[in-house]
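Chains G and D, in that order, are what the protein sequence lines are.
Going by my numbering, the first residue of the first sequence is number 429, and it counts up by one from there.
Going by my numbering, the first residue of the second sequence is number 429, and it counts up by one from there.
Read the structure below first, then the notes.
Protein chains: 2
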Amino acid sequence: MLDERKKKVLQAIVEEYINTAEPVSSNALTQNHGLECSSATIRNEMSELEKSGFLDKTHTSSGRIPSAKGYRYYVDELLNDNDISLEEIKYISSKLETKVNEIEELTKIAANTISEVTHYTTVSIGPKATAQLIEEIKFILLGSRMMMAVILTDSGLVKETIIKFDEDINEKQVETINYMFNHKLKNQPIETIDRPLEEYLYDEMTYSINVIKPIIEQIKKVLEEDNKIYLEGANKSFELPEFNSLEVAKNFVNIIDTKELIADMLNSGFAEDINVYIGEENEKKELKDFSIVTFKHRVNGKELGTIGIIGPKRMDYSKVISVMKYINKKLNGNNK
Amino acid sequence: MLDERKKKVLQAIVEEYINTAEPVSSNALTQNHGLECSSATIRNEMSELEKSGFLDKTHTSSGRIPSAKGYRYYVDELLNDNDISLEEIKYISSKLETKVNEIEELTKIAANTISEVTHYTTVSIGPKATAQLIEEIKFILLGSRMMMAVILTDSGLVKETIIKFDEDINEKQVETINYMFNHKLKNQPIETIDRPLEEYLYDEMTYSINVIKPIIEQIKKVLEEDNKIYLEGANKSFELPEFNSLEVAKNFVNIIDTKELIADMLNSGFAEDINVYIGEENEKKELKDFSIVTFKHRVNGKELGTIGIIGPKRMDYSKVISVMKYINKKLNGNNK
DNA sequence: GTTAGCAGTCAAACTCACAGAGTGCTAAAA
DNA sequence: TTTTAGCACTCTGTGAGTTTGACTGCTAAC
Chain G
429 MLDERKKKVL QAIVEEYINT AEPVSSNALT QNHGLECSSA TIRNEMSELE KSGFLDKTHT
489 SSGRIPSAKG YRYYVDELLN DNDISLEEIK YISSKLETKV NEIEELTKIA ANTISEVTHY
549 TTVSIGPKAT AQLIEEIKFI LLGSRMMMAV ILTDSGLVKE TIIKFDEDIN EKQVETINYM
609 FNHKLKNQPI ETIDRPLEEY LYDEMTYSIN VIKPIIEQIK KVLEEDNKIY LEGANKSFEL
669 PEFNSLEVAK NFVNIIDTKE LIADMLNSGF AEDINVYIGE ENEKKELKDF SIVTFKHRVN
729 GKELGTIGII GPKRMDYSKV ISVMKYINKK LNGNNK
Chain D
429 MLDERKKKVL QAIVEEYINT AEPVSSNALT QNHGLECSSA TIRNEMSELE KSGFLDKTHT
489 SSGRIPSAKG YRYYVDELLN DNDISLEEIK YISSKLETKV NEIEELTKIA ANTISEVTHY
549 TTVSIGPKAT AQLIEEIKFI LLGSRMMMAV ILTDSGLVKE TIIKFDEDIN EKQVETINYM
609 FNHKLKNQPI ETIDRPLEEY LYDEMTYSIN VIKPIIEQIK KVLEEDNKIY LEGANKSFEL
669 PEFNSLEVAK NFVNIIDTKE LIADMLNSGF AEDINVYIGE ENEKKELKDF SIVTFKHRVN
729 GKELGTIGII GPKRMDYSKV ISVMKYINKK LNGNNK
């Protein structure tokens with residue numbers, strides 16, 4: 429589609445623009461980009477690249493900036509996805525070796541590390557419980573009218589919730605409940621906690637419907653509710669020149685303040701290993717000025733969390749994708 | 429200290445400035461502020477108020493704005509702390525009646541409600557576990573090398589944590605651990621989990637130091653660690669005119685992104701019911717352009733969480749303090 | 001003690017001119 | 001046919017100079 433020199437020119441423009449945040453002139457490309465021709469020739473190439481939609485101009489006599497299509501081509505065809513230094517590798521490795529007791533913690537650490545290495549803002553979210561099998565449910569009495577339910581899933585996720593009652597319950601009831609729920613739910617997908625189960629339990633334990641009901645309600649609630657969203661390095665974005673525009677800064681705060689938007693963003697379309705959405709490619713129009721790069725942290729095919737970077741369209745895709753690939757590999761490697 | 433008319437003038441200026449965000453001119457005060465005199469007289473009063481430090485000017489021929497001292501006088505002496513409508517009371521009441529299973533949840537709801545009613549950004553944090561007595565600790569085996577510890581305190585706080593081991597443990601060991609810890613810790617302050625306890629446990633259970641050690645470490649960690657900080661309505665602040673200054677907006681993002689700063693802010697000096705820090709009164713210089721209003725949510729003298737509003741110095745103190753007082757009263761009333 | 005009136009001050013908005021950076025085009029060179 | 005040099009043209013950003021309007025401070029009269 430594009431001849432070799434056009435590719436080189438496009439790549440040079442994208443990288444120059446990522447570095448400087450200024451429209452790139454034909455002159456700027458004659459140095460340090462391995463292009464053995466004059467600015468006039470580059471102008472001709474740029475003109476054609478603009479005609480085919482890879483470049484934009486901010487005004488008639490300005491230099492060029494990459495269009496969304498230009499960034500897309502760069503990301504798909506031109507970038508170096510091994511743009512990561514030895515120090516960075518060492519640093520990431522040491523961070524990921526931190527011993528954690530909960531899976532969510534690991535996702536948080538990974539997100540934090542990515543933010544530190546790339547200097548962009550990251551968001552992360554724990555695994556969707558609904559995609560997993562229930563391995564065990566434990567009920568523990570915490571007083572006469574309070575109980576804790578601990579749910580273990582097959583991928584090692586632990587969810588706990590407190591349940592309060594309007595009447596006293598005793599150890600014996602808890603034992604029965606423990607037996608009933610486990611009997612019926614062991615190794616079942618979480619959707620099993622539904623009508624049939626409720627009816628079964630109501631039938632078996634008619635005498636204590638006042639106890640069963642809040643339990644089922646609360647368990648459903650805790651399993652279905654969206655996980656907490658963790659945000660790292662929001663202030664780092666504000667150092668970027670694009671955030672000198674109040675419009676952009678405001679949009680950004682709106683985005684990170686709207687939990688639903690972030691959750692949507694992290695959960696949407698996962699065809700690839702690593703997903704890149706550039707500017708207007710995002711479905712939500714609030715995100716049109718930003719680019720998003722996400723990946724799911726998986727172990728043995730089970731999803732354990734999603735991490736995303738949100739930054740300007742002029743994001744350092746090479747660095748970001750390299751770091752994400754490395755961390756993704758590392759996380760999948762540590763099958764523990 | 430100030431005669432009646434000066435008070436009236438100061439109050440009018442503060443309120444006018446809170447409404448308009450523009451320096452207040454002598455002319456503006458001749459209408460709708462119950463001041464029966466000409467602008468010239470008001471100019472004289474303003475000039476004296478400025479001399480005594482209650483007012484500032486942005487430049488020689490500008491109107492006046494309140495100084496920190498002016499705001500302070502207003503907050504201490506002039507404001508109406510019952511500036512809350514029937515609708516607001518109804519709305520707040522309905523929100524606070526939501527049934528919750530965890531105390532932290534209630535603090536979050538209260539903070540969310542305050543943000544909704546006042547249109548400012550709120551931050552909240554759960555109770556410090558270290559200030560409480562341990563009522564009970566339960567240990568539950570969650571697999572051969574994993575355990576959960578659930579700690580109940582006297583004010584109803586429940587903290588749970590997962591502990592992982594490098595060796596297998598069995599139900600019998602868990603029972604012993606349950607007995608040991610409860611025997612020694614029941615109704616003790618949390619600081620008890622310290623050297624003497626460790627030594628006692630090591631003596632009693634020398635055979636399983638590999639088990640006791642991670643338990644104590646993890647329990648200490650979870651009890652000492654700062655609670656999660658919840659942020660509500662960060663985007664609302666960005667609608668205020670002071671946030672058109674990039675400097676201010678950047679500072680704000682820095683503040684809300686720095687968890688330690690917020691935790692400090694929420695935990696500092698609590699002489700009063702409701703604490704107001706105006707601009708430079710804040711110890712941290714990052715906060716010099718902002719005002720902070722905080723209160724602790726208590727039940728029977730036990731602290732259950734802290735909620736703060738962070739907004740511009742030109743904050744609607746009347747509304748904010750009225751709403752906080754009302755919510756504080758409501759929360760202390762619901763002794764459940 | 002209060003007020004009218006006026007001179008003085010300052011910020012914000014507007015205009016204008018100009019320098020500088022960059023392109024597009026044309027015609028010559030390779 | 002491709003590349004290059006050169007030049008005219010365009011547009012932004014900046015800074016100086018001007019005007020406008022909102023206020024205050026002061027003085028003298030009420």
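The beta carbon of each residue, even a glycine, is placed where N, CA and C say it ideally should be.
Name the DSSP beta bridge partners of residue i, please?
i: G733 of chain D; result: D:H725
i: G739 of chain D; result: D:S719
i: Q616 of chain G; result: G:I562
i: V452 of chain G; result: G:R492
Just to make sure I have the definition right: I need the residues of chain G whose C-beta is within less than 7 Å of the C-beta of residue i. Which are they?
i: N728 of chain D; result: The contacting residues do not exist; N728 of chain D stays about 17 Å from chain G at best.
i: E530 of chain D; result: I590
i: K713 of chain D; result: Per Cβ cutoff of 7 Å: no residues; K713 of chain D is ~16 Å from chain G at best.
I need the boundaries of the alpha helix (DSSP H) containing residue i, first residue and last residue.
i: Y745 of chain D; result: Y745 to G761
i: L569 of chain D; result: No alpha helix (DSSP H) holds L569 of chain D; the beta strand (DSSP E) holding it covers L561 to L569.
i: I644 of chain D; result: I637 to E652
i: Y705 of chain G; result: From DSSP, Y705 of chain G is part of no alpha helix (DSSP H) but of the beta strand (DSSP E) over I702 to I706.
i: E632 of chain G; result: R623 to E632
Just verifying my parser: in three-state terms, what is the DSSP assignment at residue i?
i: N472 of chain G; result: helix
i: M608 of chain D; result: helix
i: L769 of chain G; result: Since the first residue of chain G shown is 429 and the last is 764, residue 769 of chain G is not available in this structure.
i: S552 of chain D; result: strand
i: N447 of chain D; result: helix
i: E595 of chain D; result: coil
i: M429 of chain D; result: coil
i: F671 of chain G; result: helix
i: I531 of chain G; result: helix
i: T526 of chain D; result: coil
i: Q459 of chain D; result: coil
i: T686 of chain G; result: coil
i: S466 of chain D; result: coil
i: F680 of chain D; result: helix
i: L506 of chain D; result: helix
i: S521 of chain G; result: helix
i: D511 of chain G; result: coil
What first and last residue would you give for the beta strand (DSSP E) that runs through residue i?
i: K587 of chain D; result: V586 to K592
i: L659 of chain G; result: I657 to E660
i: I579 of chain G; result: M574 to T581
i: I493 of chain G; result: R492 to P494
Using a 10 Å radius around the Cβ and a threshold of 16 neighbouring Cβ atoms, would you call residue i buried or exposed?
i: A662 of chain G; result: buried
i: M693 of chain D; result: buried
i: H611 of chain G; result: exposed
i: A577 of chain G; result: buried
i: K536 of chain G; result: buried
i: Q560 of chain G; result: buried
i: M429 of chain D; result: exposed
i: A468 of chain D; result: exposed
i: K587 of chain D; result: buried
i: L715 of chain D; result: buried
i: K747 of chain G; result: buried
At 9 Å on the CB atoms, spell out the chain G contacts of residue i, in chain order.
i: L534 of chain D; result: Per Cβ cutoff of 9 Å: no residues; L534 of chain D is ~13 Å from chain G at best.
i: A677 of chain D; result: F666, F671, L674, A677, K678 and V681
Interface residues of chain D around residue i at Cβ under 7 Å?
i: L585 of chain G; result: Within 7 Å Cβ-Cβ: nothing; L585 of chain G doesn't reach chain D, min ~11 Å.
i: N663 of chain G; result: V681, N682 and D685
Listing by chain order, which chain D residues have their CB less than 8 Å from the CB of residue i?
i: Q646 of chain G; result: N529
Who are the neighbours of residue i on chain D, taking C-beta pairs under 9 Å?
i: K716 of chain G; result: Within 9 Å Cβ-Cβ: nothing; K716 of chain G doesn't reach chain D, min ~17 Å.
i: K497 of chain G; result: Those do not exist, as K497 of chain G stays about 31 Å from chain D at its closest Cβ, beyond 9 Å.
Starting from the beta carbon of residue i, find every residue of chain G whose beta carbon is closer than 8 Å, and list them in chain order.
i: L580 of chain D; result: L570 and G571
i: K765 of chain D; result: Outside the modelled stretch of chain D, which goes from 429 to 764, sits residue 765 of chain D, for which no answer is possible.
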